[in-house]
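Enquirer: In our numbering, the protein residues as written are -19 to 490.
Glycine included, C-beta positions come from ideal geometry on N, C-alpha and C.
Pasting a structure here, questions to come.
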Amino acid sequence: MKRISVTCFLLLSIISFSSFSQATTITAGSAGTLQFPALSYTQILAIPSPQPGMAAYDNTSNCLRIFNGICWPCSFQNSAQIAGISGLGGTDSDKGTKIAVNSVGEIIVTGIFQGTMGKGANTITSNGFTDIFIAKYSKIGDLIWLKKAGGSSFELSTGITTDNANNIYITGLMAETAYFGNSSVTSNGAADFFLAKYDTNGDLIWVKNGGGATDDGGIGNFKVDANGNIFVSGYITGTASFDAFSLTSQGGYDTFLAKYKSDGSVEWIKQGGGTNWDISNGTSIDSNGNIYITGTFKGTASFDTFSLTSSGFDDIFIVKYSPAGAVLWAKKAGGIEFDTPHEITVDNSNNILITGAFQNTADFSGTNLTATNISDVFIAKYDANGNLLWAKKAGGADNDVSYGMAVNNIGEIFIVGNFNGTATFSPVTVSVSTTTTFIAKCDANGNFKWVQKIGGADINSSYSYGITTDNSRNVYATGKFKGTVNFFSSKITSAGQEDVFIARITEDCN
């Protein structure tokens, strides 16, 4: 009777897929062969309205997938697989800097390009040195649209996010006059900060800039709250203006944190730093509307009434602000060498996570991490009060850096960056002969679960800077590559010097 039940279950799964392939069914006691429809993972994701119990053989990852009502877990697979890869670029140097996923599973990536990139109707040409691109893909990896922004000088996009209405926001820096859709902004000096908002079709809603006579910029990923307010941070030098607000740095670079309303007007802006170079590299928010920034500082840096003093060259800061912009606490980490955070995020329990690179020995609130040689990767997790929960490291004898981080809805952590030689993400060890992208996962306690590498034979074959997740346990990464690069069973070859890659990594989703 049990065998008959299993046979019926499998038969129903096959009937549901009848439009994809023919299958042989078996009955109790027969010696027939049961054949599942063989599809790529992209085809499986494209199945409309899947029902629990549907099954298909994934010939991308070579495993059987059965839909569990949420996603398609891969049977007999305990690691991650590169399930899809797209290249984007032209004959010059192009790279993806950050990546986001909206509420319907579409992927949006931003970065910089030179010359001409894209294909057919989705082709863009830069106006000058480096321009910005924004590309939107369907959840199965088809390019929907490709847009550009920039002028005759240089522009750089450093962060991207979406809101509940699937509008898209990017930030970075621009020089001289830069064109965003049918609008333009002109820098006040060498380089200005910019923030741009697009609708889901890639049409510009508004663009704002801020700065002064010297260098100013927005750095890293940022967030939009449920009411459409945007929280973004970066750096200023000298005197910088943001609408009616004006800030003056105390020395070299100072940090800023700005709150923009959904219409692009500035509600408030806060400053931090000292007489040296202090830069914010990322912004995040929690479920209570508190805002967090992280970055580097040297010497003494002040954030309202809180002062931090570095132990050496560049140290790490984390600052928590109330929804109104009041500083609630400020923490530091680092040692005598250069320590840099590249990403900050908040999990569903309002814990704060940062990742980046450190040298020598770095002190994270009493937990000391020691680099193997040049620089190692770090991940640190704090509670909402700024108390360290744990700090972990990974790396080897070469230069190892984490540039991006994402946390999924069950608290699992994903980081992306680069390594060379042999690197240990305890207990996993990976080896390469040239600088290569890594994508790693650890659990909520900082224990590494797997590490995957993306690279080829060329020197410095791939770099990755951005990573994000969706609600179906997919992970997406972007960066740049050159030559022919291996993505598990897939290979892609750059069209020019360096091209953009967008990779989808699948996991079990039990």
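#1: Taking a contact to mean a Cβ-Cβ separation below 9 Å, would you say residue 193 touches residue 218 in this structure?
#2: Looking at C-beta atoms only, is the number of pairs between the region 167 to 175 and the region 290 to 301 that lie closer than 8 Å three or more?
#3: Of the residues 169, 268, 199 and 159, which one's Cα is nearest the Cα of residue 207?
#4: Around the C-beta of residue 321, are 16 or more other C-beta atoms found within 10 angstroms, so that it is buried, or is it exposed?
#5: So what does residue 215 bridge to, in DSSP terms?
#6: Evaluate the contact criterion for the region 241 to 254 versus the region 214 to 229: three or more CB pairs, one atom per stretch, below 8 Å.
#7: Classify residue 23 as helix, strand or coil using the three-state DSSP reduction.
#8: Quick check: residue 420 and residue 374, are their CB atoms within less than 9 Å of each other?
#9: Give me whichever residues DSSP pairs with residue 163 in a beta bridge.
#10: According to DSSP, simplified to helix, strand and coil, what is residue 3?
#11: If you draw a straight line from the C-alpha of residue 242 to the C-alpha of residue 204, how long is it?
#12: Tell whether a beta-carbon distance below 9 Å holds between residue 435 and residue 412.
#13: What is the DSSP secondary structure of residue 346, reduced to helix, strand or coil?
#14: If I measure Cβ to Cβ from residue 182 and keep anything under 7 Å in the same chain, skipping five residues before and after, which residues do I get?
#15: Assuming residue 491 and residue 98 form a contact by the criterion Cβ under 8 Å, report the distance between their Cβ atoms to the nearest whole angstrom.
#16: Could you tell me whether the Cβ atoms of residue 442 and residue 69 are closer together than 9 Å?
#17: Could you give the DSSP three-state label for residue 96: helix, strand or coil?
#18: Who does residue 202 pair with in a DSSP beta bridge?
#19: Below 8 Å on the Cβ atoms is my guess for residue 291 versus residue 305; work out the distance and round it to an integer in Å.
#20: The beta strand (DSSP E) spanning residue 186 covers which residue range?
#21: Do three or more CB pairs link the region 279 to 288 to the region 321 to 335 at distances below 8 Å?
#22: Kindly provide the ranges of any beta strand (DSSP E) runs that are 3 or more residues long and lie completely inside the region 400 to 462, ordered along the chain.
#23: Tell me which residue opens and which closes the beta strand (DSSP E) that residue 135 is part of.
#24: For residue 338, which three-state DSSP category applies?
#25: Run through DSSP, which three-state label would residue 478 get?
#26: Starting from the Cα of residue 303, find the closest Cα among 261, 329 and 209 and give me that residue.
#27: How would you label residue 31, buried or exposed, when you count the other beta carbons within 10 angstroms and need 16 or more for buried?
#28: Please state if the CB of residue 447 and the CB of residue 391 are separated by a distance shorter than 9 Å.
#29: Cα separation between residue 367 and residue 33?
#30: When the distance is taken between beta carbons, is residue 200 closer than 9 Å to residue 221?
Expert: To lay it out plainly:
#1: Cβ atoms of residue 193 and residue 218: closer than 9 Å.
#2: These segments do not touch.
#3: It is 268.
#4: By the neighbour-count rule (16 or more Cβ atoms within 10 Å), residue 321 is buried.
#5: Per DSSP, the beta bridge partners of residue 215 are 197 and 235.
#6: Yes, since at least three Cβ pairs between the region 241 to 254 and the region 214 to 229 fall closer than 8 Å, the two stretches touch.
#7: Reduced to three states, the DSSP call for residue 23 is helix.
#8: Cβ distance < 9 Å, so residue 420 and residue 374 count as in contact.
#9: Assignment of beta-bridge partners to residue 163 by DSSP yields 160.
#10: Unreliable positioning characterises residue 3 in this predicted model, as indicated by a pLDDT of 39, which lies under 50. The coordinate reading is nonetheless provided below. Three-state result, residue 3: coil.
#11: Their backbone Cα atoms lie some 9 Å apart in a straight line.
#12: Against a cut-off of 9 Å, the Cβ pair of residue 412 and residue 435 comes out as a contact.
#13: In the structure shown, the three-state DSSP call for residue 346 is coil.
#14: Cβ contact annotation for residue 182 (same chain, cutoff 7 Å, sequence separation greater than five): 114, 116, 125 and 127, in chain order.
#15: The structure shown has nothing for residue 491, since the chain only spans -19 to 490.
#16: No. Outside cutoff.
#17: Three-state DSSP puts residue 96 in a strand.
#18: Answer is none; residue 202 lacks a bridge partner.
#19: Not really, about 28 Å apart at Cβ, beyond 8 Å.
#20: Under the DSSP assignment, residue 186 falls in the beta strand (DSSP E) whose first and last residues are 184 to 190.
#21: Flag = no, the region 279 to 288 and the region 321 to 335 do not touch.
#22: Correct list: 402 to 405, 408 to 411, 416 to 422, 428 to 436, 442 to 449 and 455 to 461.
#23: Run containing residue 135: 135 to 142, per the beta strand (DSSP E) assignment.
#24: Strand at residue 338.
#25: Strand at residue 478.
#26: Considering only alpha carbons, the answer is 209.
#27: Residue 31 should be labelled exposed.
#28: No.
#29: Here the alpha carbon of residue 367 sits roughly 44 Å from the alpha carbon of residue 33.
#30: Cβ distance not < 9 Å, so residue 221 and residue 200 don't count as in contact.
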